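For reference, the structure discussed in these notes is given below.
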Amino acid sequence: MNSLADRTESVVGSAVPVLQPAPIPVADLRRRRMAVVRAYIALTKPRIVELLLITTVPAMLLAQRGLPPLWLLAVVLVGGALAAGAANVINCYIDRHIDQVMRRTSRRPLPAHTVSPRAALVFGLTLAVVSVTLMAVFTNWLATLLTAAAIAYYDLVYTTWLKRRTWQNTVWGGVCGAMPVLIGWAAVTGSLDWAAWVMFAVVFLWQPPHFYALAMKFRDDYARAGIPMLSVVASARRVSVESLVYSWLTVVASFALLPFGMGPVYGVVAAVVGAMLLLEAHRLDGRVRRGEKPRPMRLFHWSTSYLTVLFAAVAVDVFI
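For the sequence shown, the numbering used here begins at 3 and goes up steadily by one.
If you want it as structure tokens, here you go:
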């Protein structure tokens, strides 16, 4: 009996194939790895980082009244990019539940589950430590302190508190967006002069019309997520008026830089691009008053061009 049972077990056992996992093609492995790399890069929000660095370099050139040492320029650019990236990654970690609700952000790496929340947090904190350490080793205490403060303000003050509590989140959130100007200036001089604060004011005042336009476009998204953006809690007319006011204040602040060594090149550019910014802001307000489709992204895109061209003029004017 035992031998029969043994034979039966042997036959049955041999009839069951041993399944081996199919090997993953090398091309698929590479695609997966590249997808993960792209996801981590996306967490840093490269377009925002690029916009921040656009204001940093001209500030350093004006502070130096010429070209700073190339090593210092490289350190501040790398450190600034890492700091901005760190702040954005941690922002994505904190906002991951909101991003799932909003259509505009639902495809970001965390709501799409491309990157785990823990991995994103570790990545963001690592970038923050590296950026602050880099600034501490190669620049000075003021630039380092401002870098750390910018990261903390964006994630702890703006993302965690202002964004979720008040319609003034866009205005006061502008502090961290304008910090790269101060960081660049401090890295060169070790101090903060009035010209640095004027450039800070330009970027600070520029941000409300820029982000109000975006919030108008995605009003339903913000409302769905329970974020009290001005476009959610107030009328479109209120948003367009505030956009107009801040646009005027931005242009006025840009002219306030003229007494600090800026020449005719900067003055002409500031006048031209300022007039175009005001024209687009007035057009938005006019469309809202007439009950037409507001098309706020026109102001959003032009405001980006405005800031880029204006600070490029600062850089050019330094060498003329």
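Glycine included, C-beta positions come from ideal geometry on N, C-alpha and C. This one's a predicted model, so the numbers in the text were calculated from it and none came from an experiment.
Item, Value
"Quick one: Cα of P70 to Cα of A317, how far?", "12 Å"
"Got a sec? Which residues, its chain only, sit under 7 Å from L251 by beta carbon, not counting five neighbours each side?", "L207"
"Does DSSP classify M218 as helix, strand or coil?", "helix"
"So the candidates are Y308, R226, G288, F257; which of them puts its Cα closest to the Cα of D101?", "R226"
"Looking at the structure shown, is K47 part of a helix, part of a strand, or coil, going by DSSP?", "coil"
"Helix, strand or coil, according to DSSP, for I322 in the structure here?", "coil"
"Starting from D97, follow the alpha helix (DSSP H) in both directions and report where the run begins and ends.", "Unbroken run through D97: none, as it is neither H nor E."
"Between the Cα of V247 and the Cα atoms of R98, G228, H212, which residue gives the shortest distance?", "H212"
"Over the uninterrupted alpha helix (DSSP H) stretch that includes S242, give me the two end residues.", "238-257"
"Spatial neighbours of L6 within its chain, please: CB distance less than 6 Å, with the 5 preceding and 5 following residues excluded, ordered by chain position.", "Because L6 sits at a pLDDT of 47, beneath the cut-off of 50, its placement in the model cannot be relied upon, and the following sentence gives the value as read from the coordinates. Closer than 6 Å at Cβ, skipping near neighbours: no residue."
"Check whether the segment 116-130 touches the segment 32-49, taking contact to mean three or more Cβ pairs, one atom from each stretch, closer than 8 Å.", "yes"
"For I153, is the classification buried or exposed, using 16 other Cβ atoms within 10 angstroms of its Cβ as the cut-off for buried?", "buried"
"Should S237 and A217 be called a contact, given that it needs their Cβ atoms to be closer than 8 Å?", "no"
"So for I229, helix, strand or coil by DSSP?", "coil"
"Given this structure, state the Cα-to-Cα distance separating T10 from A121, to the nearest angstrom.", "At T10, the pLDDT of 47 sits below 50, so the modelled position is not reliable; the number obtained from the coordinates is stated separately. Those two C-alpha atoms are separated by around 52 Å."
"Quick one: Cα of W169 to Cα of D157, how far?", "17 Å"
"Using a Cβ-Cβ cutoff of less than 6 Å, which residues in the same chain neighbour R289 once the five nearest sequence positions on both sides are dropped?", "P296"
"Is Q170 helix, strand or coil when you go by DSSP?", "coil"
"Is the separation between the beta-carbon of A197 and that of L259 shorter than 8 Å?", "yes"
"Hey, would you say S256 sits closer than 8 Å to L312, going by beta carbons?", "yes"
"Measuring straight from C-alpha to C-alpha, what distance separates L116 and A41?", "Note that residue 116 is Thr in the sequence shown here, rather than Leu. Their Cα atoms are separated by approximately 7 Å."
"DSSP on R292, reduced to helix/strand/coil?", "coil"
"What do you reckon, is the C-beta of K295 under 7 Å from a heavy atom of the ligand ZN?", "Looking at this structure, you won't find the ligand ZN or any other ligand, since it has none at all."
"So is G179 buried or exposed if we call it buried at 16+ other beta carbons inside 10 Å?", "buried"
"Measure from the alpha carbon of W187 to the alpha carbon of each residue in L63, N171, S305, I56, then state which is nearest.", "L63"
"Would DSSP call H115 helix, strand or coil?", "coil"
"How about V275 and Y308: are their beta carbons less than 8 Å apart?", "yes"
"Can you grab the Cα-Cα spacing for the pair D222 / T161, in whole Å?", "19 Å"
"Nearest-angstrom Cα distance between L281 and M181?", "27 Å"
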